[in-house]
Every structure is written in C-alpha cells, then in structure tokens.
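One structure is given below, encoded as structure tokens.
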Amino acid sequence: MRRITSTVFAVLLTLALVACGGGSGGDGAQQPELPGTLRALAVQGQPAPGTAGVFGSFDVYPVMDAADGGFCAFVADTTDGAKPQVLYVAQPDDVPTVVPVFVSGDPLPAGSPSDGEIGAFDRVWMCADGTVVAHVGVEMDSGARSFAVISARVSGGVVLDKATMITALDDLTGAGGSGDLDFIDESTALCASDGTLWFFGQDSGTSLMGLWSVRKNGTALTSRAQVGALLDNMGKTAVSIDAFGIDAAGAYFAFAASASTGGGSMVVKTSVITALNQEFWRTGAGFGGSEP
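Next comes the structure, spelled out in structure tokens:
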C-alpha cells in the first residue's frame, strides 16, 4: 500500500462535530466551514504514546473509524521495534487524549483459545461509549488460527474490558452452525452501538456464508440467517445471503437473500428482503437460530 512520504506530515484530525457548513469565497464558490476545531492526533515524527519511538509514515488510507460524540480509533506504525504497530483511541476532550489500546505482537486478550499474537490490524470499529472493536491477523498460533476479533473500552484515559470476541476455528455448532468458523468478511461487517459485531462468516461444515453476531465480551454468538434455512412465511429456502444492515443499536436488522422457488429440478432465484427484529427472535419463530 502506498505511504505518505516523510516530506509530508501525516496528520489524523478530529472534529468537535462532523458536518458541512456554508460560506463562500471571493469567487462566489461555496467553501466548507468547519463547525469545530481541528486538532492533530498523530503526526509523523512526533512521539507515539505508549512506545519508545515516534510515529512513522501513515498509509494513504489508514485503518481508522470515528463514533458519534467524538471518539476516534486509528492504527499507526511506530519506530519502536518492540511495538511496531499500535491501535490508538482518541478521547473527545478539549485536548484529545490519545490512548494506546492494542499492540501488534501482544498476546490476544482474555477469552481467546489461541496462543498466538496480534498481527496486522485489518479493520476497526469505534463506538460512542469508548468501545473499540478490531479485526486482526493472528501470528505464531500453534493451532493455525489466522484471525481474531478483539475489543476494549477506553474511559478516562484507561483501557478497560479487553476481550477476544471470536477467532478463526471457533466452534459454531452451539450457535446453530455445523462446523468451525473458517472466515469472516470484515469488509462488510457492522458494529452496533453496544459493540456487538454483525458479520458474514463461513461455516467449515457447509463451506457456506451465514450471518452471525457476537457481543463485545465474546458471548452470545448467534446465527441470524443461514443458507438453506426456511424464509419465514414464504415457503422458500435461502439459496444465498447477499447483504444485510442493522440499526444503530442492533435491535433491528434486515438482509437480502436469494430464495428458491419452483419445483422439480428447476430452481429459480428471486431477490427478497426480509426484515427481522429481536422481538421476532424471542418469539421462537425461526430463521436459523434464536435470540439468546
């Protein structure tokens, strides 16, 4: 991936609010008007908190996220050989406090069945309560686990509640699956405001992708939609689960599925949208699982 050269400062910025304002320049063209004060969170060459080095160059597209209220998470390379890459959370203070949360090379946090170490940070999700969730590569694992999803919460400059939410090869059978977790599509995963992660995951028992959720402390792994399951009140089964969405709190979700129709050897795929909520799951009416 391309890097910002050392002749240009790489700066991550925070806003008190996120919005676009009016205003016009001398030529009459509309210009952006910032509603808050821009503050540098990390600058190449300046000391990197929690390390013995300074910030290195930043990727052109750094791994980062921001939440309502002003919390911001970002991944930065440092010149400290013992802490080459760090996941930071910046608190929404008048003078933002930048807190190191996870470091590449550290053991996975509590709850992990892996004896491996945190590798590269692939994607992060930031929540308004200071919870950060990260999809990371796993290195040096004796059981060949290749990835994990981890979480922590930052409050008052202190890192709390570190946990491993899920890892490669975790058993899915107790949550409505038929094998182990082979793969997570982190590019389409969504995080609710309470830190619950919703994701497409591949089941080794079927080699098919299903929709799952897991809480930030690693509990309540739940099947939400699975290929081959009956679509409620339709008399059709899901041939594939193609897309999904959730509301901010994760109380409601919807997914798009290709559904089987017709009979005999002929199968016609039709696109359907099924909207479900947690009350539906509590009634026991089923689409591949039940709400814990």
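Residues 866 to 1157 (our numbering) are what the sequence shown spells out, left to right. Ideal Cβ placement from N, Cα and C applies to all residues, glycine included.
Counting only beta-carbon atoms, is residue i nearer than 9 Å to chain C?
i	result
residue 1049	Chain labels in this structure do not include chain C; a single protein chain is all it has.
Is it true that the CB of residue j sits closer than 9 Å to the CB of residue i?
i	j	result
residue 973	residue 1015	yes
residue 1071	residue 1088	no
residue 1006	residue 1051	no
residue 907	residue 920	yes
residue 993	residue 933	yes
residue 996	residue 935	no
residue 1090	residue 1124	no
Would you please state the rounded distance, in angstroms, between the beta carbons of residue i and residue j? I believe it to be under 8 Å.
i	j	result
residue 1019	residue 964	5 Å
residue 1056	residue 990	4 Å
residue 941	residue 905	12 Å between Cβ atoms; not a contact.
Using C-beta distances below 6 Å, list every residue in its chain close to residue i, excluding the 5 sequence neighbours before and after it, in chain order.
i	result
residue 1113	1058
residue 1063	1055, 1078 and 1111
residue 1067	1047, 1048 and 1074
residue 1131	Unreliable positioning characterises residue 1131 in this predicted model, as indicated by a pLDDT of 42, which lies under 50. The coordinate reading is nonetheless provided below. Counting only Cβ-Cβ distances below 6 Å, and skipping sequence neighbours, we find nothing.
residue 1129	Caution is warranted here: a pLDDT of 42 is assigned to residue 1129, below 50, making its placement in the model unreliable, and the coordinate value is therefore given only provisionally. Here the set comprises nothing.
residue 915	965
residue 1082	1028
residue 954	938, 964, 966, 997 and 1019
residue 1162	Past the edges of the chain, shown from 866 to 1157, lies residue 1162, and the structure says nothing about it.
residue 1038	none
residue 1009	none
Given residue i, which residues of its chain have a CB within under 7 Å of its CB, disregarding the five upstream and five downstream residues?
i	result
residue 1024	964, 966 and 1017
residue 977	1013, 1029 and 1032
residue 918	943, 944 and 945
residue 1084	none
residue 1036	1045
residue 1069	1044, 1045 and 1047
residue 891	Low per-residue confidence applies at residue 891: pLDDT is 46, beneath 50, and the placement is therefore not dependable, though the value from the model is reported in the following sentence. Cβ neighbours of residue 891 beyond the five flanking positions: none.
residue 1120	1076, 1090, 1106, 1108, 1109 and 1139
residue 980	1006 and 1007
residue 1053	1065
Got a sec? Which residues, its chain only, sit under 8 Å from residue i by beta carbon, not counting five neighbours each side?
i	result
residue 975	1027, 1028 and 1029
residue 985	950, 969, 1001 and 1002
residue 868	Its pLDDT being 49, under 50, residue 868 is placed unreliably by the model, and nothing is read from it.
residue 1011	1002, 1003 and 1033
residue 1040	1077, 1086, 1087, 1088 and 1154
residue 1022	956, 962 and 964
residue 870	Reliability fails at residue 870, whose pLDDT of 39 lies under 50, so the model's placement of it is uncertain and the value that follows must be treated cautiously. The residues are 922.
residue 1100	none
residue 911	919 and 920
Legend entry - Three or more C-beta pairs below 8 Å linking the region 920 to 930 and the region 957 to 966: no
Legend entry - 3-residue-minimum beta strand (DSSP E) runs that sit fully inside the region 990 to 1067, ordered along the chain: 996 to 1004, 1012 to 1020, 1023 to 1032 and 1046 to 1049
Inset, instruction - Please confirm if the region 963 to 972 is in contact with the region 941 to 951, defined as three or more CB-CB distances below 8 Å between the two stretches. - result: yes
Inset, instruction - Specify whether the region 1106 to 1121 and the region 1059 to 1079 touch according to this definition: at least 3 beta carbon pairs, one from each stretch, less than 8 Å apart. - result: yes
Legend entry - Whole runs of the beta strand (DSSP E) within the region 910 to 981, excluding any shorter than 3 residues: 929 to 931, 937 to 942, 950 to 955 and 963 to 968
Legend entry - Completely contained beta strand (DSSP E) runs for the region 1065 to 1095, where each covers 3 or more residues: 1073 to 1079 and 1087 to 1090
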